[in-house]
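A.B. asks: For the sequence shown, our numbering begins at 9 and goes up steadily by one. Before I ask anything, let me first share the structure, which is written out below as structure tokens.
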Amino acid sequence: MGSVNRVILVGNLGRDAELRYTPGGAAVATLSLATTEVFKDKEGQRKEQTEWHRVVVWGKTAESLNEYLTKGKQIYVEGRLQTRKWEEKGVEPGDKPITRYSTEVKADRIVLLGGGSGQRSGRVEREHGEAAPAETPSQPVDITDDDIPF
Numbered sequence: 009m010g011s012v013n014r015v016i017l018v019g020n021l022g023r024d025a026e027l028r029y030t031p032g033g034a035a036v037a038t039l040s041l042a043t044t045e046v047f048k049d050k051e052g053q054r055k056e057q058t059e060w061h062r063v064v065v066w067g068k069t070a071e072s073l074n075e076y077l078t079k080g081k082q083i084y085v086e087g088r089l090q091t092r093k094w095e096e097k098g099v100e101p102g103d104k105p106i107t108r109y110s111t112e113v114k115a116d117r118i119v120l121l122g123g124g125s126g127q128r129s130g131r132v133e134r135e136h137g138e139a140a141p142a143e144t145p146s147q148p149v150d151i152t153d154d155d156i157p158f
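Here it is in structure tokens:
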């Protein structure tokens, strides 16, 4: 049997998107997305648990949605998990390098939800530079619990 690497998140941006460009000129936006679970503990008290997700958006979608990806905005994200690994120098000369990891969501689709000046959505460029069609709904799309597959 094959495998599936698919992530769907609906949450709020914790800060404005950070748009950068790679040395090769590719646009990349980094988002900090909060999802919050609300539940009752054993004593019946309402509790909230927030998870923070690092989301990365590439290409023209990163550029075109950047101005709309502002702190507090609720968004819908589809993508896949990707883990990066790198080595950091030790604190003191001669220290062994420290291996660091970061797991992030590489976004395929982002939809702006609720409030603001209308809704926009987009798809990121596919790998190997092949551009995927951008989506701009002709009318607002409401996401309900029936749309979320869990």
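Ideal Cβ placement from N, Cα and C applies to all residues, glycine included. These numbers come from a predicted model, not from an experiment.
Quick one, which of K55, N74, R92 and W60 has its alpha-carbon nearest P24's?
C.D. replies: The sequence position of residue 24 within the sequence shown is 16, counting from 1. Here the sequence assigns Asp to residue 24, which means Pro is not the residue at that position. Cα-wise, what sits closest to D24 is N74.
A.B. asks: So, at 6 Å on beta carbons, what are the nonlocal neighbours of V18 in its own chain, with the 5 sequence-adjacent residues on each side left out?
C.D. replies: Stepping through the sequence shown from its first residue, residue 18 is reached at position 10. Correct list, in chain order: Y84.
A.B. asks: Locate the beta strand (DSSP E) running through T38, then write down its first and last residues.
C.D. replies: Here residue 38 corresponds to residue number 30 of the sequence shown, with the count starting at 1. A35 to K48 is the span of the beta strand (DSSP E), which, as asked, contains T38.
A.B. asks: Given T78, which residues of its chain have a CB within under 7 Å of its CB, disregarding the five upstream and five downstream residues?
C.D. replies: Position 70 of the sequence shown holds residue 78. Result list for T78: L21 and D24, in chain order.
A.B. asks: State buried or exposed for K81, treating a residue as buried only when at least 16 other CB atoms are found within 10 Å of its CB.
C.D. replies: Taking the first residue of the sequence shown as 1, we reach residue 81 at position 73. Answer is buried; the Cβ neighbour count reaches 16.
A.B. asks: By Cβ distance, which residues of its chain are closer than 6 Å to K93, with the 5 residues on each side in sequence left out?
C.D. replies: Taking the first residue of the sequence shown as position 1, residue 93 is located at position 85. Y109, listed in sequence order.
A.B. asks: Relative to the alpha-carbon of R28, which residue among W66, A42 and S11 has its alpha-carbon at the smallest distance?
C.D. replies: Numbered from 1 along the sequence shown, position 20 holds the residue referred to as residue 28. Cα-wise, what sits closest to R28 is W66.
A.B. asks: Assuming the contact rule is C-beta atoms closer than 8 Å, K104 and V64 should be a hit. Round their C-beta distance to whole Å, please.
C.D. replies: What you label residue 104 is simply residue 96 of the sequence shown in a count that begins at 1. What you label residue 64 is simply residue 56 of the sequence shown in a count that begins at 1. Rounded, the Cβ-Cβ distance is 29 Å, inconsistent with contact.
A.B. asks: So is V99 buried or exposed if we call it buried at 16+ other beta carbons inside 10 Å?
C.D. replies: Stepping through the sequence shown from its first residue, residue 99 is reached at position 91. That one is exposed.
A.B. asks: Excluding sequence positions up to five away, which residues of its chain have a Cβ less than 7 Å from the Cβ of K97?
C.D. replies: Mapped onto the sequence shown, residue 97 falls at position 89. Excluding sequence neighbours, K97 sits near P105.
A.B. asks: Work out the CA separation of T44 and L120 for me, nearest whole Å.
C.D. replies: By 1-based counting over the sequence shown, the position of residue 120 is 112. By 1-based counting over the sequence shown, the position of residue 44 is 36. The straight-line gap from Cα to Cα measures roughly 18 Å.
A.B. asks: Can you list, in chain order, the residues of its chain whose CB lies under 6 Å from that of A42, leaving out five sequence neighbours each side?
C.D. replies: Looking up residue 42 in the sequence shown gives position 34. Taken in chain order, the residues that qualify are G19, N20, G22, T58 and W60.
A.B. asks: Within the continuous alpha helix (DSSP H) that includes E71, where are the two ends?
C.D. replies: As a position in the sequence shown, residue 71 is number 63, starting the count at 1. G67 to L73 is the extent of the alpha helix (DSSP H) around E71.
A.B. asks: A115 lies in the beta strand (DSSP E); which residues open and close that run?
C.D. replies: The residue labelled residue 115 in the question sits at position 107 within the sequence shown. Looking at the DSSP string, the run of the beta strand (DSSP E) that includes A115 is I106 to L121.
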